[in-house]
Ligand SMILES: Cc1cc2nc3c(=O)[nH]c(=O)nc-3n(C[C@H](O)[C@H](O)[C@H](O)COP(=O)(O)OP(=O)(O)OC[C@H]3O[C@@H](n4cnc5c(N)ncnc54)[C@H](O)[C@@H]3O)c2cc1C
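Residue numbers (full-length UniProt numbering), protein chains in the order written: chain A, 1 to 393; chain B, 1 to 362.
Put into structure tokens, the structure is as follows:
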């Protein structure tokens with residue numbers, strides 16, 4: 001058991017940090033410290049391209065597809081340095097962390113060659129079309145249908161809560177292709193261009209005032225017959241593989257931003273004297289401890305993953321960070337007091353900490369709610385009896 | 001970055017796991033709990049077997065002094081496995097507190113004279129913080145000590161004591177004239193306390209008192225945190241087993257979501273406690289800058305986790321969980337003892353706050 005990084009890994013860290021500092025002090029100074037997911041999309045697209053050009057976009061991917069073949073340790077290091085440098089949220093985080101790894105795992109050679117380099121170069125932005133009005137936690141209950149028409153799939157239906165669809169070039173969906181099927185059977189995983197007549201994207205405003213997510217309508221939308229991941233009917237298997245990415249490694253990068261958020265809460269508490277309040281200090285210490293524990297928890301799971309072991313502890317990770325961040329949002333508001341409840345100007349757009357308070361209420365919902373995560377832990381890790389279902393035999 | 005057990009560490013864990021599962025059984029623990037006097041709260045046969053047969057005796061004591069010469073990670077592994085069974089052993093007192101104090105603060109002569117007996121289990125030591133009755137600390141003066149130490153873990157079975165006084169740290173032999181050892185009826189009978197009264201009792205000063213106390217505290221905190229981790233895991237494992245066999249309303253109670261979600265929450269906390277304990281152990285072994293932060297974090301987090309899990313264990317067992325016959329109370333009481341001993345979770349969080357500079361001026 002060893003905590004530190006090797007000298008080679010530390011050299012990699014220095015290299016990454018130097019590159020990030022040069023860009024973010026220089027041509028990309030304007031995107032530094034952006035924390036909103038929807039701010040300055042055009043400049044953040046430029047930033048994605050710059051990362052791609054320099055080979056820093058998808059560091060863990062194979063070189064052949066635009067990556068850097070980085071080890072897990074190097075991926076951790078890059079994520080840490082990225083956050084430390086105050087680089088903006090990745091506009092294409094769904095492409096990089098969800099679509100890419102899924103295509104890598106389930107795609108054909110042609111699909112990999114076509115889609116992956118375009119993501120790594122920052123040319124194509126992706127979004128995720130899973131949820132529907134009637135299918136959230138019960139994801140297998142989707143109604144969106146697709147059928148073959150000559151060389152195309154034709155898609156009909158509606159998705160909801162589609163994050164960043166308004167900026168996206170491609171969407172991946174699960175659609176029902178097995179006629180009369182229900183539940184996880186008869187689903188297919190399709191890759192669909194967003195910019196076409198059959199697709200309509202309508203932003204939905206969120207409690208923060210921003211519109212990160214959207215309704216996405218498919219009305220005779222089309223995609224090439226080749227744009228299916230896995231065979232027809234394999235959609236559930238592919239989709240679940242993807243949720244593995246969403247709940248596992250991809251959260252690591254995001255966790256490194258938590259450091260910046262906690263630092264901002266501490267800075268606020270020092271500035272207004274609340275850090276001397278013993279009750280607040282206890283909670284700040286709790287947050288510090290929780291953050292460190294998440295870091296070492298993540299390293300523990302990644303070490304296991306690297307050696308091919310599957311540690312059921314990984315199933316606890318989503319609840320860990322989502323609950324930690326929700327608590328941090330509340331702590332931030334308790335530190336700020338009533339000052340946190342107003343914002344200058346007429347835009348309903350709060351600064352980082354009050355916004356964190358609002359936004360963190362989504363963390364315990366998306367990617368599987370805390371309740372669903374508890375079911376998963378209880379059933380898969382602890383072996384308890386499955387939830388009874390009302391609608392499936 | 002290689003944050004997983006090495007093959008050797010995994011083997012130690014397996015060996016210790018099997019050893020405690022086979023030997024630290026509930027009936028044996030209960031016999032030790034019921035014993036009084038020189039056997040209060042100790043399964044002597046188990047301690048002898050642990051020290052002589054397992055090959056892991058004196059985990060942190062160098063091989064030259066009869067120990068196993070292992071690090072904090074291995075120590076945590078052993079404490080965790082002992083904690084899983086609330087084993088009635090003076091592991092914390094003798095190897096977690098007293099031995100590290102002697103190793104870090106004793107002269108070469110003191111170490112080679114005192115440590116082999118602790119490693120072999122022939123002698124048991126404990127660790128005490130003494131004060132003059134009620135007021136300022138007890139002081140060492142020309143080789144004698146006067147004062148009182150309350151709440152000395154496994155004090156009634158110890159053969160010697162490492163005693164922290166205001167102006168030094170000293171070794172006191174149990175048989176020394178002027179020393180009165182009073183066993184206390186303790187809530188956790190698997191780690192009972194004793195009171196020590198010193199009346200001009202012969203006391204041999206340790207060479208480096210500061211190093212001795214630091215080592216005792218750091219190792220003790222880690223050993224308690226690891227004990228708490230093992231205990232919490234046992235609470236979860238046993239409750240999961242019960243959830244599958246107990247039927248109410250025609251279903252296994254573990255199929256009710258209100259029930260299984262609470263087990264899931266226990267697991268979420270336990271996995272975090274595990275990260276904290278092994279992070280701290282590694283950080284100490286590697287002499288990392290984070291070591292103090294980590295060990296305070298681990299003591300606070302793991303003790304809170306254990307208290308929560310042990311409480312849940314009782315609740316989720318219903319009436320049977322509240323009986324003397326069921327083992328749930330052993331865990332519940334050990335969890336409380338772990339939280340109280342050597343600084344409660346809030347105190348440890350205050351240390352973290354200090355180390356992180358949280359209330360430094362803006
Ligand atoms: C900010 C944000 C971004 C999102 N981005 C995307 C995206 O890009 N693409 C996408 O496809 N989706 C996205 N989602 C959707 C998200 O995955 C779903 O909201 C989530 O899975 C919950 O589904 P639901 O909203 O239908 O809630 P429901 O499933 O209706 O749940 C309502 C409540 O019931 C509880 N509940 C439901 N089933 C159970 C059960 N079996 N046991 C116990 N409790 C239960 C839930 O925990 C919740 O508390 C996003 C959501 C948010 C908030």
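All C-beta atoms, glycine included, are put in the ideal place defined by N, C-alpha and C.
All values derive from a computational prediction rather than experimental measurement.
- Any Cβ of chain A closer than 9 Å to the Cβ of residue 303 of chain B would place that residue at the interface, and such an atom is absent.
- In summary, the residues of the segment 276-304 of chain A whose CB is separated from some CB of chain B by less than 7 Å are 276, 281, 282, 284, 285, 286, 288, 289, 292, 293, 296, 297, 299, 300, 303 and 304, in the order they occur in the chain.
- Between residue 334 of chain B and residue 238 of chain B, the CB-CB gap reaches or exceeds 9 Å.
- Between residue 326 of chain A and residue 370 of chain A, the alpha-carbon positions lie close to 12 Å from each other.
- Listed in chain order, the non-local C-beta contacts of residue 23 of chain B below 7 Å within the same chain comprise 46 and 49, local neighbours out to five positions each way being set aside.
- The Cβ-Cβ distance between residue 139 of chain B and residue 172 of chain B does not fall below 9 Å.
- In this structure, B:62 is the residue among B:329, B:62, B:258 and B:303 with its C-alpha nearest to the C-alpha of residue 116 of chain B.
- Segment contact: the segment 290-299 of chain A against the segment 265-280 of chain B, three or more CB-CB distances shorter than 8 Å; contact assigned.
- Residue 278 of chain A and residue 94 of chain A have their C-alpha atoms some 41 Å from each other.
- No Cβ-Cβ contact shorter than 9 Å links residue 212 of chain A with residue 349 of chain A.
- At least one CB atom of chain B sits nearer than 9 Å to the CB of residue 387 of chain A.
- The segment 81-101 of chain A makes contact with the segment 252-272 of chain A, as at least three CB pairs between them are under 8 Å.
- The beta carbon of residue 200 of chain A does not come within 9 Å of any beta carbon belonging to chain B, so the residue lies off that interface.
- Among the residues facing chain A, residue 278 of chain B is included, as its CB has a counterpart in that chain under 9 Å away.
- Non-local beta-carbon contacts of residue 167 of chain B in its own chain, meaning distances under 6 Å to residues more than five positions away in sequence, involve 139 and 140 in chain order.
- In this chain, the beta strand (DSSP E) harbouring residue 195 of chain B covers 193-202.
- Remark: the shortest separation between the CB of residue 355 of chain A and any heavy atom of ligand 1 does not fall under 8 Å.
- Of all residues in the segment 313-327 of chain A, only 313, 316, 319 and 320 place a beta-carbon less than 7 Å from a beta-carbon of chain B.
- Where residue 49 of chain A is concerned, the enclosing alpha helix (DSSP H) starts and stops at 41-53.
- With respect to the 9 Å criterion, residue 296 of chain A and residue 3 of chain B are classified as neighbours on the basis of their beta carbons.
- Residues of chain A whose Cβ lies closer than 7 Å to the Cβ of residue 352 of chain B are, in chain order, 285, 288 and 289.
- The beta carbon of residue 38 of chain B sits closer than 8 Å to the beta carbons of 156 and 157 from its chain, once the five residues preceding and following it are set aside; these are given in chain order.
- When C-beta distances to chain B are compared with 7 Å, every residue of the segment 105-117 of chain A stays at or above that value.
- Contacts with chain B at 9 Å (Cβ-Cβ) include residue 4 of chain A.
- Per the coordinates, the alpha-carbon of residue 107 of chain B lies some 16 Å from the alpha-carbon of residue 161 of chain B.
- The segment 84-120 of chain A is shown to contain whole alpha helix (DSSP H) runs of 4 or more residues at 100-106 and 109-120, in chain order.
- With a cut-off of 8 Å, the C-beta of residue 137 of chain A is classified as near ligand 1, since at least one heavy atom of the ligand falls inside that distance.
- Beyond the five residues adjoining it in sequence on each side, residue 316 of chain A comes within less than 7 Å, by CB distance, of 377 in the same chain, given in chain order.
- Residues of chain B with a Cβ closer than 7 Å to the Cβ of residue 266 of chain A are, in chain order, 358.
- At a beta-carbon threshold of 7 Å, none of the residues of chain A lie near residue 342 of chain B; the nearest stands roughly 17 Å away.
- For residue 86 of chain A, the CB contacts under 6 Å within the same chain, skipping 5 residues up- and downstream, are 32 and 33 in chain order.
- Contacts with chain A (Cβ-Cβ distance below 8 Å) from the segment 253-272 of chain B involve 254, 255, 257, 260, 261, 263, 264, 265, 267, 268, 271 and 272, listed in chain order.
- Spanning the alpha carbons of residue 146 of chain A and residue 285 of chain A requires a straight line of approximately 52 Å.
- Per DSSP, reduced to three states, the secondary structure at residue 292 of chain A is helical.
- By the CB criterion at 9 Å, residue 205 of chain B and residue 169 of chain B fall inside the cutoff.
- Residue 124 of chain A counts as buried, since at least 16 other C-beta atoms from the protein chains shown sit within 10 angstroms of its C-beta.
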